[in-house]
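Asks:
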Amino acid sequence: MINNSYLLGLFGGTATDTTSTYTTAALQAAKKQPTPPWSSTVVAPKQDALVRAALGGRKLINEDAAQLDMKSAPADYRKLFALYQGLDTLNALTNRAATKGVSSLELAQLNKRFSAGLAEVGSWMSAAAFEDIRMVQGTAKSISKTTAATPRDSAVSVTGPIHEGALSTPVVAFEGDVRFNITIKVPVGITDSLTTAVPIDLAGLGAKPRTMDNVLEFINTQLQTAGFATRVGREQIKAEPKTVQVNGKPVTLPAGPDKWSLAIRGNSTETVGFTAAETSDAVYVVQSAGIAGGSQLLKFQSDGGTAAAPTAGGVGETQWVDGRLSQNALPDGVQNVRASAVGPDGSLWMVADVTAGPDTQPIKGVQDVALMRYDTAGRLVATRTLGAASTASGYAIAIDASGNVAVAGSVTGSLNTSKTDAGKAGEVAGVADSFVTVFNKDGEEQWSQRRGARAADEATSVSFGADGTVYIAGRAKSAVTGASPVGGWDGYVQAFKAGEPYPTAGITVKATAATQFGTASDDSVDAMTIDGSNLYTAGVEDGRAVVRRFTLDAAGVPTLASTRDLGVISGDIAGVAVSGGKVILTGTSRDSGLSAGMVTTAHSGGKDVFIATLSSDLTAAAGDRLTWHGGAGDDTAADVKVHDGKVWITGVADRGEAAKATDPTRGYLARIDPLSGAVEYEKTWSGDGDQAKPLTLAVASNGASVLDRLGLPKGEIDQSDSKRLIDATSVRVGDRFYISPPDGGRAVSVTIEAKDTLATLARKIEIASSGKLKATVVSEGGAVTGKDGETTTTTGGFQRLSITARDGKAGGVLTAGETGRDALAGLGLSPGYVGASAGDDIVKTFGLDLSASLNLGDAASVKTAGERLQAAMKSVREAYRALDPATSAPAASGTVPAYLTAQLANYQAALSRLTG
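570 is the number that our numbering gives to position 514 of the sequence shown; each next residue is one higher, with no gaps.
#1: Anyone know if the C-beta pair for Thr667 and Thr683 falls short of 8 angstroms?
#2: Do Thr91 and Val99 count as a contact pair if the criterion is CB distance below 8 angstroms?
#3: Tell whether a beta-carbon distance below 8 angstroms holds between Asp695 and Gln375.
#4: Which residues bound the beta strand (DSSP E) around Thr228?
#5: Pairing CB atoms from the stretch 465 to 476 with CB atoms from the stretch 438 to 446, are three or more of them under 8 angstroms?
#6: By a C-beta neighbour count over all protein chains shown, 10 Å radius and 16 as the cutoff for buried, is Gln550 buried or exposed?
#7: Looking at C-beta atoms only, is the number of pairs between the stretch 119 to 134 and the stretch 165 to 179 that lie closer than 8 angstroms three or more?
#8: Roughly how many angstroms lie between the CA atoms of Thr247 and Ala927, to the nearest whole one?
#9: With burial defined as no fewer than 16 other Cβ atoms inside 10 Å of the residue's Cβ, what is the status of Ala85: buried or exposed?
#10: With DSSP collapsed to three states, give me the class of Gln280.
#11: Could you check what DSSP says for Leu151 in three-state terms: helix, strand or coil?
#12: Grab me the residues of Pro306's own chain with a C-beta within less than 8 angstroms of its C-beta, minus the 5 sequence neighbours each way, in chain order.
#13: Examine the ligand PLP and report whether any of its heavy atoms sits within less than 7 angstroms of the Cβ of Gly399.
#14: My output table needs one value for Thr560: the three-state DSSP class, helix, strand or coil.
#15: Can you give me the C-alpha to C-alpha distance between Leu309 and Thr718, rounded to a whole angstrom?
#16: According to DSSP, is Phe552 helix, strand or coil?
#17: In whole angstroms, what separates the C-alpha of Thr816 from that of Glu822?
#18: Please report the straight-line C-alpha distance between Val536 and Lys930, rounded to a whole angstrom.
#19: Which residue spans inside the stretch 865 to 942 form an unbroken alpha helix (DSSP H) run of at least 4?
#20: Contact between the stretch 232 to 240 and the stretch 803 to 815: three or more CB pairs below 8 angstroms?
#21: Can you tell me the Cα-Cα spacing of Gly521 and Tyr527, whole angstroms?
#22: I'd like the list of long-range same chain contacts for Pro720, defined as Cβ closer than 8 angstroms, with 5 residues on each side in sequence excluded.
#23: Starting from the N-terminal side, write out each stretch of the alpha helix (DSSP H) that is 4 residues or longer and does not extend beyond the stretch 688 to 756.
#24: Residue ranges of each alpha helix (DSSP H) run of no fewer than 4 residues wholly in the stretch 785 to 825, ordered along the chain?
#25: Answer with buried or exposed for Glu514, where buried requires no fewer than 16 other C-beta atoms within 10 angstroms of its C-beta.
#26: Whole angstroms is fine: what's the gap from Val41's alpha carbon to Glu923's?
#27: Per DSSP, which one or two residues make a beta bridge with Ala567?
#28: Can you tell me where the alpha helix (DSSP H) holding Ala172 begins and where it ends?
#29: Which stretch, first to last residue, makes up the alpha helix (DSSP H) that contains Leu829?
#30: Run through the stretch 488 to 540 for me and flag every whole alpha helix (DSSP H) of 4 or more residues, listed as ranges in chain order.
#31: Quick one: residues in its chain with C-beta nearer than 6 angstroms to the C-beta of Ser159, no 5 flanking neighbours on either side, listed in chain order?
#32: I'd like the list of long-range same chain contacts for Thr785, defined as Cβ closer than 7 angstroms, with 5 residues on each side in sequence excluded.
#33: Are Gly723 and Gly689 close, meaning C-beta to C-beta below 8 angstroms?
#34: Would you mind sorting Gly173 into buried or exposed? The rule is 16 or more other CB atoms within 10 Å of its CB.
#35: Per the DSSP calculation, Leu354 is bridged to which residue(s)?
#36: Determine which residues share a DSSP beta bridge with Pro306 and list them.
Written out as structure tokens, the structure is:
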């Protein structure tokens with residue numbers, strides 16, 4: 057029986073049927089859409105055939121090959137089907153790359169074709185003109201917000217936790233002799249300032265318990281009496297339950313006690329700082345710790361000086377060892393910390409490789425170099441990324457007396473060093489080149505240089521000359537610019553001089569000298585130092601430890617003056633320095649016959665650390681000494697610094713030669729007299745999971761004091777950081793992206809300049825979109841400071857850029873810049889359409905969300921590419937459904953005509969007679 061309600065419902069009517077219900081199709085619905093290539097009725101192409109065709113060079117997207125079984129189908133269907141077939145081919149390449157047993161050669165071929173295919177899809181989509189829908193390679197959003205952010209100036213500084221438990225309990229960090237000064241600097245006139253020291257001595261509390269609130273009340277009373285608005289408060293760190301794995305099963309542990317930090321609350325007119333009268337030298341050690349390999353920053357107090365020695369670890373610290381002041385975790389994504397140094401203000405700078413930038417600072421490529429600045433309390437103050445488009449590694453750091461910081465290493469792919477080389481990948485694409493970048497004391501990039509041979513090269517050392525010339529040293533497989541090759545890997549030294557012709561001209565840099573040296577075999581420069589007009593290099597040349605001395609003329613050009621060959625080395629060079637008129641060379645070796653003068657301490661077995669003390673002109677002399685340090689197993693010298701004539705070394709201590717990677721590993725820190733060989737200071741320690749692997753060290757004169765246990769930094773607190781995009785994000789001058797109208801039209805470029813901030817970038821976006829997009833700087837996070845009328849005032853936090861379609865406008869399409877100079881990646885913006893994507897009178901928009909950085913380089917990348925492709929193919933299917941006329945045709949409604957009601961009644965009566 058026909059269900060009358062069905063037909064009546066077409067007109068919005070209803071009917072009551074009291075007889076048995078039978079559903080019979082009265083009419084066959086007409087075909088409304090062509091059959092899609094993913095339909096079960098269509099024979100799918102074989103995956104291996106798609107792979108062969110793609111590797112053979114066939115175009116992935118071919119509209120002429122798209123099959124339609126409806127002659128009158130709109131052109132959008134042909135485009136959609138061709139796009140789907142192209143994505144299906146990319147998916148086939150991905151599936152092949154994921155197949156077990158694929159050779160590295162075939163994987164490279166698949167990856168190359170995949171990248172080319174992805175670019176083909178992007179080019180095709182930028183030209184494809186859909187009529188009834190909108191398709192974009194990126195995303196489709198109503199709001200697009202940068203993940204990159206610039207920090208807001210903050211008058212509030214929060215320390216690490218110094219107390220755990222109830223506020224009524226006395227704070228251990230406040231016990232004993234606690235005396236320090238809070239310095240307040242206020243402006244006087246236009247250019248001057250006045251600094252006042254407010255003394256704090258907790259002995260003034262008398263017998264009153266040194267609880268958090270009692271101590272803060274005492275401190276704030278001193279500040280108020282001195283007439284300052286700055287106050288010190290407390291910040292609660294709420295404890296949360298933790299989930300751990302026990303025998304492979306998750307177990308939730310109850311929340312522990314809350315933790316408390318100090319919060320220094322200043323204002324815009326008072327710059328706050330801290331000093332202490334009793335100090336000792338401090339040593340910073342960066343280490344890899346734990347099975348997962350996370351990095352930590354350790355701070356030790358040297359013997360000597362007047363500061364009270366630490367007696368226990370701080371709140372939340374693990375594996376404490378006598379003499380350690382603090383332990384802080386480095387951010388996630390930090391790998392291969394290879395160099396660190398202390399600046400004139402006591403700040404610690406370190407250079408590391410990062411595979412993922414901070415939440416506010418995404419990187420553009422696979423791996424970038426990060427320059428990180430920490431205050432004396434172990435708080436990360438600033439991070440600067442190099443901005444490499446592909447891969448970069450940092451190997452060396454140097455700081456001059458003015459606080460300028462130089463970083464050197466290697467880079468593959470593009471690295472914009474000027475407006476003229478934006479997007480260029482070096483002399484030979486895919487080959488690593490040396491780079492050097494100089495920052496001022498505030499971490500603002502001043503200049504960068506990239507110098508490479510046709511074959512691979514890398515800068516492993518960097519130093520400042522007395523006149524500001526920057527020298528880099530390293531190794532190269534072919535001739536560096538301005539020098540001649542010797543054979544194999546050669547050592548090299550290059551010099552760069554920066555200047556500004558007139559105040560507003562900008563900095564220009566010239567390569568002033570280059571020299572290349574070594575043997576016909578493989579050689580390297582592993583360390584370099586400058587002492588007056590002498591430049592020293594140390595490295596392994598054809599398996600031998602060699603020190604070279606170059607004299608520097610008035611123009612800073614190096615000329616080889618002398619060489620010292622110490623003999624066969626079965627190990628590495630760790631560092632070279634000049635102190636007290638002596639050249640001090642440090643490294644590790646087995647007992648291979650190294651010869652550097654009188655032996656003060658004999659080799660102990662395995663691989664030991666050695667310290668060779670040589671004459672400044674490198675000629676053999678009676679005062680030359682050779683000291684060995686280590687146990688019967690293998691010892692390493694991960695890093696070395698010479699401070700006040702003594703040698704500080706850190707590394708892995710006395711590890712068995714046959715030890716496995718998972719066996720316990722202990723770190724050590726030692727100070728040795730290079731002349732007598734006496735070990736004056738030594739600490740050894742374990743790490744979480746019995747894994748401790750020191751990476752770098754740096755020594756700070758008078759860097760340890762009572763401030764360390766209070767979590768307070770020595771010196772002034774930084775309340776502001778650079779707002780320039782080239783400093784706060786990984787974009788570089790010359791990076792760009794494009795904005796085009798959503799329904800086709802000319803794309804307008806948006807190019808990053810040196811002075812750009814979020815505010816200037818917002819203006820550029822609005823101009824490039826012809827007013828169709830609205831870009832706004834929005835603030836997130838921060839601390840509430842009060843009310844200004846109806847407005848809540850805050851300090852700190854971050855600012856991001858939010859992009860939307862302007863009211864009544866269609867929005868715009870963001871497209872990534874060319875390979876090597878894409879600003880969207882550095883800003884954390886997704887390419888694609890920004891604007892309304894659904895609603896009445898709105899063209900429905902679908903985004904494939906296929907990043908140009910997708911690749912098949914490794915298993916993780918293959919997995920990601922496969923997931924993205926599946927999502928993109930799903931978007932195409934959704935676009936197909938959106939083209940269905942039934943989804944847009946208005947539903948019939950209103951009163952059911954009388955003739956139709958009568959006709960239905962006749963149909964029903966006839967069927968009743970037929971069925972009895």
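All C-beta atoms, glycine included, are put in the ideal place defined by N, C-alpha and C.
Replies: Taking the geometry as given:
#1: Checking the sequence shown, residue 667 turns out to be Ile, not Thr. Taking 8 angstroms as the Cβ cut-off, Ile667 and Thr683 qualify as a contacting pair.
#2: no
#3: no
#4: Note that residue 228 is Val in the sequence shown here, rather than Thr. No beta strand (DSSP E) holds Val228; DSSP gives it neither H nor E.
#5: yes
#6: buried
#7: no
#8: 59 angstroms
#9: Low confidence applies to Ala85: its pLDDT is 44, below 50, so where it sits in the model is not reliable, and the reading given next is rough at best. Exposed, because fewer than 16 other Cβ atoms sit within 10 Å of the Cβ of Ala85.
#10: helix
#11: Rather than Leu, the amino acid found at residue 151 in this sequence is Asn. Looking at Asn151 - three-state DSSP - the assignment turns out to be helix.
#12: Thr299 and Val300
#13: Ligands in the displayed structure: none, and consequently the ligand PLP is not present.
#14: coil
#15: 27 angstroms
#16: strand
#17: 10 angstroms
#18: 51 angstroms
#19: 879 to 883 and 915 to 938
#20: no
#21: 7 angstroms
#22: Ser742, Asp746 and Gln747
#23: none
#24: 814 to 824
#25: buried
#26: Outside the modelled stretch of the chain, which goes from 57 to 972, sits residue 41, for which no answer is possible.
#27: Phe552
#28: Ser160 to Ala183
#29: No alpha helix (DSSP H) contains Leu829, which is instead part of the beta strand (DSSP E) from Leu829 to Glu836.
#30: none
#31: none
#32: Ala204, Gln417, Gly882 and Leu883
#33: no
#34: buried
#35: Val341 and Gln383
#36: Gln301
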